[in-house]
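**Student:** Numbering (my numbering), first residue to last: 1 to 246.
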Ligand SMILES: Nc1ncnc2c1ncn2[C@@H]1O[C@H](COP(=O)(O)OP(=O)(O)O)[C@@H](O)[C@H]1O
Ligand SMILES: [Mg+2]
């Protein structure tokens with residue numbers, strides 16, 4: 001098992017944002033994680049990536065207990081995550097932003113640059129590599145956010161609404177990119193509101209609501225699940241899977 005998150009909880013003062021979420025991920029899987037706003041999806045990613053320490057439960061990555069490890073230790077072990085709000089250095093060039101990720105495994109600047117250039121090429125950012133990141137629109141920023149994480153050479157990639165705000169044709173391009181990332185052998189957990197993305201990419205889906213898992217199954221099982229429909233999707237999606245969630 002690549003990731004074993006058991007009964008993970010996290011509270012913020014009196015608010016229990018996550019109350020006992022469990023997820024096992026096998027190497028090579030693409031797992032979808034869905035749920036309404038505030039369900040605890042990003043909090044779960046924050047815990048798995050070490051950006052937040054869980055208040056309960058434990059997280060094993062490749063049998064190593066990472067529950068209380070730093071974000072850097074998580075990254076070194078091979079857990080990479082995108083941020084819902086891209087963590088872009090707007091005044092740096094696109095290449096330099098990707099180098100920030102590459103430095104994790106390549107302390108030498110030239111090595112980091114070479115590694116970053118490979119990722120830039122892979123993610124289709126080559127034509128704009130030397131432009132300041134602030135010149136990118138939404139799709140470019142989303143792509144750069146993915147590129148920065150890929151440059152850390154993750155084994156497990158957590159995508160937190162990395163496709164949000166894209167037009168339908170940009171979404172198709174992004175789906176193709178996710179498939180190419182997966183084809184490199186990277187295991188993926190993807191949080192996405194666009195049901196089409198989840199239905200297309202995920203082999204297995206987990207549904208969060210108010211900090212707990214309310215359903216798991218194949219994408220088809222999940223869209224047909226009454227509790228999910230009520231909590232999140234709206235009735236029309238039971239008949240019309242593939243449409244965009246609210
Ligand atoms: N750093 C934080 N401090 C206080 N409350 C937070 C923090 N992060 C998230 N929350 C709260 O935890 C709950 C879950 O949020 P989040 O994990 O971002 O949900 P989702 O990603 O599913 O939309 C929400 O009620 C949110 O307001
Ligand atoms: Mg979120």
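Note that beta-carbon positions come from the ideal geometry of N, C-alpha and C, so glycine has one too.
So does residue 41 have its beta carbon nearer than 7 Å to some heavy atom of ligand 2?
**Tutor:** Indexing the chain shown from 1 puts residue 41 at position 41. For ligand 2, at least one heavy atom lies less than 7 Å from the Cβ of residue 41.
**Student:** What's the gap between the Cα of residue 74 and the Cα of residue 22?
**Tutor:** Working through the chain shown from its first residue, we reach residue 74 at position 74. Working through the chain shown from its first residue, we reach residue 22 at position 22. The straight-line gap from Cα to Cα measures roughly 18 Å.
**Student:** As a quick exercise: from 207, 223, 224, pick the residue whose alpha carbon is nearest that of residue 216.
**Tutor:** For the purposes of this step, residue 216 is taken as the residue at position 216 of the chain shown. Out of 207, 223, 224, 207 has the C-alpha closest to the C-alpha of residue 216.
**Student:** For the alpha helix (DSSP H) containing residue 149, name the first residue and the last one.
**Tutor:** Stepping through the chain shown from its first residue, residue 149 is reached at position 149. It spans 138 to 150 - the alpha helix (DSSP H) in which residue 149 sits, taken as one unbroken run.
**Student:** Any idea what DSSP makes of residue 61, helix, strand or coil?
**Tutor:** Against the chain shown, residue 61 aligns to sequence position 61. Note: residue 61 maps to strand in three-state DSSP.
**Student:** For residue 48, which option in 163, 71, 180 has the closest C-alpha, if you only look at C-alpha atoms?
**Tutor:** Taking the chain shown and counting its residues from 1, one reaches residue 48 at position 48. Measuring from the Cα of residue 48, the nearest candidate turns out to be 71.
**Student:** By how many angstroms is the C-alpha of residue 132 removed from the C-alpha of residue 80?
**Tutor:** As a working note, residue 80 is residue 80 in the chain shown. As a working note, residue 132 is residue 132 in the chain shown. Each residue's Cα considered, the two are about 23 Å apart.
**Student:** Could you check which residue in 214, 95, 106 has the C-alpha nearest to that of residue 119?
**Tutor:** Here residue 119 refers to the residue found at position 119 when the chain shown is read from its first residue. Nearest C-alpha to residue 119: 95.
**Student:** Straight-line CA distance for residue 184 to residue 27?
**Tutor:** Reading the chain shown from its first residue, position 184 is the one you call residue 184. Reading the chain shown from its first residue, position 27 is the one you call residue 27. For residue 184 and residue 27, the distance between alpha carbons rounds to 12 Å.
**Student:** In chain order, what are the residue ranges of uninterrupted alpha helix (DSSP H) at least 4 long that sit wholly in the stretch 176 to 208?
**Tutor:** Correct list: 195 to 201.
**Student:** Between residue 84 and ligand 2, is the CB less than 7 Å from at least one heavy atom?
**Tutor:** On the chain shown, position 84 is the one that residue 84 refers to. Result yes, Cβ under 7 Å from ligand 2.
**Student:** Within its chain, find whatever has a CB closer than 7 Å to the CB of residue 30; leave out the 5 residues flanking it on each side and keep chain order.
**Tutor:** For this step, residue 30 is matched to residue 30 along the chain shown. Excluding residues within five positions, the ones whose Cβ falls inside 7 Å are 182, 188, 190, 201, 202, 203.
**Student:** Round the Cβ separation of residue 103 and residue 97 to the nearest angstrom and send it over; I've been treating them as touching at under 8 Å.
**Tutor:** Within the chain shown, the letter at position 103 stands for residue 103. Within the chain shown, the letter at position 97 stands for residue 97. That pair is no contact at about 11 Å.
**Student:** Comparing C-alpha positions only, which one of 147, 151, 138, 176 sits nearest to residue 164?
**Tutor:** One-based indexing of the chain shown puts residue 164 at position 164. Here the closest residue by C-alpha is 138.
**Student:** Following a CB-centred definition, is residue 161 positioned closer than 7 Å to any heavy atom of ligand 2?
**Tutor:** As a working note, residue 161 is residue 161 in the chain shown. Checking the Cβ of residue 161 against ligand 2 gives yes.
**Student:** Taking the Cβ atom as the reference point for each residue, do residue 124 and residue 148 lie within a distance shorter than 8 Å?
**Tutor:** As a first step, residue 124 must be located in the chain shown, where it is residue number 124. As a first step, residue 148 must be located in the chain shown, where it is residue number 148. Taking 8 Å as the Cβ cut-off, residue 124 and residue 148 do not qualify as a contacting pair.
**Student:** Across which residues does DSSP place residue 17 in a beta bridge pair?
**Tutor:** Counting from one through the chain shown, the residue named residue 17 turns up at place 17. Answer is none; residue 17 lacks a bridge partner.
**Student:** Would you list the residues sitting across from residue 9 in a DSSP beta bridge?
**Tutor:** Within the chain shown, numbered from 1, the residue matching residue 9 stands at position 9. Residue 9 is bridged to 19, 56.
**Student:** So which of 78, 76, 54 has the shortest CA-CA distance to residue 67?
**Tutor:** As a first step, residue 67 must be located in the chain shown, where it is residue number 67. Selected option, being the one with the closest Cα: 54.
**Student:** Where in the stretch 85 to 115 do unbroken runs of the beta strand (DSSP E), each at least 3 residues long, occur, reported from the N-terminal end onward?
**Tutor:** If we require 3 residues or more, the stretch 85 to 115 turns out to have no beta strand (DSSP E) run fully inside it.
**Student:** Give the C-beta separation of residue 51 and residue 58 to the nearest angstrom, bearing in mind that I take them to be a contact with Cβ-Cβ under 8 Å.
**Tutor:** Here the question's residue 51 lines up with position 51 in the chain shown. Here the question's residue 58 lines up with position 58 in the chain shown. Their Cβ separation, rounded to whole angstroms, is 16 Å, which puts residue 51 and residue 58 out of contact at 8 Å.
**Student:** How about residue 225 and residue 39: are their beta carbons less than 8 Å apart?
**Tutor:** If you number the chain shown from 1, residue 225 lands on position 225. If you number the chain shown from 1, residue 39 lands on position 39. In this structure, residue 39 does not lie closer than 8 Å to residue 225 by Cβ.
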